[in-house]
Amino acid sequence: MHLSHNLLQWETNNLAISIYLREILAGASFQYYLLTYLPTYSWILFSYFYLGKRQLAKIDRSINEVIFELQELERQFGN
5 MHLSHNLLQW ETNNLAISIY LREILAGASF QYYLLTYLPT YSWILFSYFY
55 LGKRQLAKID RSINEVIFEL QELERQFGN
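The opening position of the sequence shown corresponds to residue 5 in my numbering, with each subsequent residue numbered one higher.
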C-alpha cells in the first residue's frame with residue numbers, strides 16, 4: 005500500500021509539473037522548452053530510477069531485519 009501510494013504521488017507530481025511548465029512556457033521558443041524540460045525531466049528520471057531504487061533497497065533491508073528478528077524470537081520460544 006505504501007509503495008503504490010508513493011508511485012501514485014510521484015505520477016501526480018509529474019503530471020502537475022508538466023501542466024505547470026506547459027502553462028508557463030506557452031508561446032516560448034523551442035530553446036526555452038529545452039532549457040526547461042530537459043533538466044526538469046532529467047532530474048525526475050534520475051530521482052525515480054536511481055534514488056528510488058536506493059530507497060526501495062533501504063526499505064527492503066529494514067523489512068528483512070525485522071523478519072530476521074522475528075525469526076530469532078520464534079526460534080528462542082521453540083515454535
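C-beta atoms are modelled at their ideal positions from N, C-alpha and C, and glycine is treated no differently.
| Query | Result |
| --- | --- |
| Would you check if the distance between the CB atom of Asn18 and the CB atom of Ile48 is smaller than 9 Å? | yes |
| Measure how close the beta-carbons of Thr44 and Leu25 come, nearest whole angstrom, since I'm counting them as under 8 Å. | 7 Å |
| Between which two residues does the alpha helix (DSSP H) containing Leu49 stretch? | Phe34 to Phe50 |
| If you follow the alpha helix (DSSP H) that Gly56 is part of, which residue opens it and which one closes it? | Gly56 to Phe81 |
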